[in-house]
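Heads up, my numbering is the position in the sequence shown plus 15, with the first residue counted as 1. C-beta atoms are modelled at their ideal positions from N, C-alpha and C, and glycine is treated no differently.
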Amino acid sequence: MSGRPEGQDDEVARGLEFRGDSPSLREHCGVIGIYSMRGEPVAERIVKGLSALQHRGQESWGIAVQGEPILKGMGLMGQGVDVNAKKILNYQSSQGIGHVRYSTKGRTNMENAHPLDIKGEFSIAQNGTIANTEDLEPLVRQDFQLLESNTDTKLAGLRLLQHYRGEKDWTRAFTRLSRELSGSYSFVILTKDGTVLAARDEAGYRPLCLGFDQEEQTHVVASESCALSALHTEFVRDVEPGELVRLDKHGVTITRFADSPRHYHCPFEYTYFAHPSSTIDGHNVYEARRKLGHVLAQKYPFKADVVIPVPDSARPAALGYSEESHIPMEEGLMKDRYRRKGSLRSFIEPTDKSREEIVKEIITIKPVIQGKRVIVVDDSIVRGTSSKNIVSALREAGATKVYMVVTFPPIRHPCYMGIDFPTQGELLASKVDGQDTPISEINKRVAEEIGLDGLGYNDIVGLSQGTGLQESEMCYACVSGVYLGLKKDPVIRTREEMKA
Numbered sequence: 016m017s018g019r020p021e022g023q024d025d026e027v028a029r030g031l032e033f034r035g036d037s038p039s040l041r042e043h044c045g046v047i048g049i050y051s052m053r054g055e056p057v058a059e060r061i062v063k064g065l066s067a068l069q070h071r072g073q074e075s076w077g078i079a080v081q082g083e084p085i086l087k088g089m090g091l092m093g094q095g096v097d098v099n100a101k102k103i104l105n106y107q108s109s110q111g112i113g114h115v116r117y118s119t120k121g122r123t124n125m126e127n128a129h130p131l132d133i134k135g136e137f138s139i140a141q142n143g144t145i146a147n148t149e150d151l152e153p154l155v156r157q158d159f160q161l162l163e164s165n166t167d168t169k170l171a172g173l174r175l176l177q178h179y180r181g182e183k184d185w186t187r188a189f190t191r192l193s194r195e196l197s198g199s200y201s202f203v204i205l206t207k208d209g210t211v212l213a214a215r216d217e218a219g220y221r222p223l224c225l226g227f228d229q230e231e232q233t234h235v236v237a238s239e240s241c242a243l244s245a246l247h248t249e250f251v252r253d254v255e256p257g258e259l260v261r262l263d264k265h266g267v268t269i270t271r272f273a274d275s276p277r278h279y280h281c282p283f284e285y286t287y288f289a290h291p292s293s294t295i296d297g298h299n300v301y302e303a304r305r306k307l308g309h310v311l312a313q314k315y316p317f318k319a320d321v322v323i324p325v326p327d328s329a330r331p332a333a334l335g336y337s338e339e340s341h342i343p344m345e346e347g348l349m350k351d352r353y354r355r356k357g358s359l360r361s362f363i364e365p366t367d368k369s370r371e372e373i374v375k376e377i378i379t380i381k382p383v384i385q386g387k388r389v390i391v392v393d394d395s396i397v398r399g400t401s402s403k404n405i406v407s408a409l410r411e412a413g414a415t416k417v418y419m420v421v422t423f424p425p426i427r428h429p430c431y432m433g434i435d436f437p438t439q440g441e442l443l444a445s446k447v448d449g450q451d452t453p454i455s456e457i458n459k460r461v462a463e464e465i466g467l468d469g470l471g472y473n474d475i476v477g478l479s480q481g482t483g484l485q486e487s488e489m490c491y492a493c494v495s496g497v498y499l500g501l502k503k504d505p506v507i508r509t510r511e512e513m514k515a
């Protein structure tokens, strides 16, 4: 299970998918835990599950199984697994965890790739961000020597170990830890005795679900249900906020480690980050995006000849806009999937420069665009650089008018719950917006900045209508600047400080 991590034999170049305006926006990670009741090896299933979660993180990946060193690699799962195939096939453990990472905190390197070994007692992987690491450090230093650079996951894992050594009970240990953490987390843990644990924070920021393969007698916990589908595993239910799942020889045990009086689900999961086939907390992602398109068509009935999505996440929303407006939808922007970066996700690239390079891999389809009024559908606007590139490409292809509608409201504030736009100064809507500026005015200012003939941002009401989430159960701190779900106000940091 634990031991020193092993790396790939060769460094794998990173490359991520083109998406619309994501040059300063990245989000969380993907986690999975598997326990075979028959004692069958699970390493291959972990790999397959992580591959289904690749959209959640493409900087690094890692696998921990009992009795073996943690295996880690940089870049994409497919490339790393090819290098390590023989090693993975030889793993015989019937329990394990896995992780695909992008970093909201900590440097992008092999050392910070998950799972992380916690003093040989357990391995831990996380989806989310702990916002108050400055509070954890002095507590952890009471028992452990810390390095100069420590990820939030490492600090949380060490603090959990302190509590477990005192309590001798995982639920009580998580209860104590949860009182000290401010932020978001879905943890998976593999203990040295082969128990798999999974915990979701009491606010429910990040998704986590449980599945069971009846034929193989295998339990699976994963960030999204798309991983269960890839493993032909039946969805059992979502892990509720504040719950701890234990997978061991006795089967599944679920306990509550924290009360959850109010949920703060991240709506960005539905507009961009999650896989369209996934269902999260009872709401299907594809249908949510499609309905968001209907909502935007009602709010912004631009006169145009064609609706085109920014690939790939905006396709369902573009379809919804087309259905509601009766304007035909066509593919006017394509990704070059045969170039290194063309098929990958720019949203979770580790640097602004590398993300912008990916956006340049846009291919316009001239017959779809030339001489036409175009409505572009995208999931978000962050800095606006990518949106400018898209508008420029469409005009070069002969578009007479270019409008844009966006499924997510104006992003004006940093996120400390797992999405990487930590500095307010890089957010376009914040730059052009006064504190109480209405969306209609923001639309005008951002449209002028990007070079659009018209822009339509969604609002919180429309976001609720489209996703099916109640306004009271969503987190929209990045829109409002009010961090209701955190236990304390976040410490505002620069990007460099966040990544140190």
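Classification of residue i by the beta-carbon crowding that lies within 10 angstroms, buried from 16 upward
i: N124; result: exposed
i: N105; result: exposed
i: D97; result: exposed
i: L501; result: buried
i: Q73; result: buried
i: L499; result: exposed
i: H265; result: exposed
i: L470; result: buried
i: F362; result: Summary for F362: the model assigns pLDDT 47, below 50, so the residue's position carries little reliability, and this model does not support an answer.
i: K306; result: buried
i: E411; result: exposed
i: G93; result: exposed
i: S337; result: buried
i: G496; result: exposed
i: L162; result: exposed
i: A100; result: exposed
i: R180; result: exposed
i: K87; result: buried
i: R156; result: exposed
Chain-order list of residues whose beta-carbon lies under 8 Å from that of residue i (same chain, five-residue window excluded)
i: Y301; result: P291, S292 and P331
i: Q313; result: E339
i: A58; result: I78, V80, I103, L104, Y106, S108 and G111
Span of the alpha helix (DSSP H), counted from its first residue to its last, around residue i
i: F189; result: W185 to E195
i: C241; result: S240 to A245
i: I454; result: I454 to I465
i: H234; result: Here H234 belongs to no alpha helix (DSSP H); instead the beta strand (DSSP E) covers T233 to A237.
i: G471; result: No alpha helix (DSSP H) contains G471, which is instead part of the beta strand (DSSP E) from G469 to Y472.
i: Q313; result: V300 to K314
i: M92; result: M92 to L104
i: I475; result: I475 to T482
Where the beta strand (DSSP E) through residue i begins and ends
i: C490; result: Careful: C490 lies outside any beta strand (DSSP E) and carries neither H nor E.
i: E284; result: Note, E284: premise wrong, no beta strand (DSSP E); not H, not E.
i: L348; result: L348 to K350
i: I49; result: G45 to S51
i: S328; result: Unbroken run through S328: none, as it is neither H nor E.
i: L225; result: C224 to D228
Proximity to residue i [Cα-Cα], best of the options
i: V295; options: L307, R305, P282 and K306; result: Going by the sequence as given, residue 295 is Ile instead of Val. Among L307, R305, P282 and K306, the Cα nearest to that of I295 belongs to P282.
i: G175; options: G198, L162 and L151; result: What sits at residue 175 in the sequence shown is Leu, not Gly. If we check each option's Cα against that of L175, L151 comes out closest.
i: I47; options: I85, V236, E464 and S479; result: V236
i: T148; options: G135, D167 and L131; result: D167
i: R187; options: T206, R271 and F250; result: R271
i: Q3; options: M92, V397, R71 and V461; result: This structure gives no information on residue 3, because the portion of the chain shown stretches from 16 to 515.
i: L246; options: R252, H234 and V254; result: H234
i: D208; options: H280, G135, R277 and L225; result: G135
i: R277; options: M432, Y220, P84 and H298; result: Y220
i: V62; options: H428, S75 and K183; result: S75
Cβ neighbours of residue i in the same chain (closer than 6 Å, five flanking residues each side left out)
i: A408; result: I377 and T379
i: E42; result: Low local confidence applies: a pLDDT of 46 at E42 is under 50, so the model's placement there is unreliable, with the coordinate-based value given in what follows. Answer for E42: F288 and I434, listed in chain order.
i: H129; result: G77, H114, R116 and A140
i: P324; result: R330, A333 and V392
i: Y285; result: V300, A303 and T482
i: D228; result: T248
i: H309; result: G335 and E339
i: L196; result: I145
i: E126; result: none
Neighbourhood of residue i by C-beta, 7 Å cutoff - its chain only, sequence neighbours within 5 removed
i: E217; result: S193, P256, G257, A273, D274 and S275
i: Y133; result: In the sequence under discussion, the amino acid at residue 133 is Ile, which differs from the Tyr named in the question. So the qualifying residues of the chain are I139, G172, L173 and L176.
i: A242; result: I47, G64, A67 and L68
i: P533; result: For the chain, the structure presents residues 16 to 515; residue 533 sits outside this window and is missing.
i: V158; result: Just to set this straight, residue 158 is Asp in the shown sequence, not Val. Result list for D158: Q177, in chain order.
i: Y472; result: V421, P424, P425, I454, I457 and N458
i: L467; result: V406, V417, Y418 and M419
is_contact[residue i, chain C] using C-beta, thresh 8 Å
i: R388; result: Looking for chain C here will not work: only one protein chain is present.
Are there three or more Cβ pairs, one per stretch, closer than 8 Å when the segment 305-320 is compared with the segment 409-422?
-> yes
Given 8 Å as the limit, is there contact between the segment 379-397 and the segment 345-352, that is, 3 or more CB pairs closer than that?
-> yes
Three or more beta-carbon pairs under 8 Å between the segment 418-427 and the segment 469-485, yes or no?
-> yes
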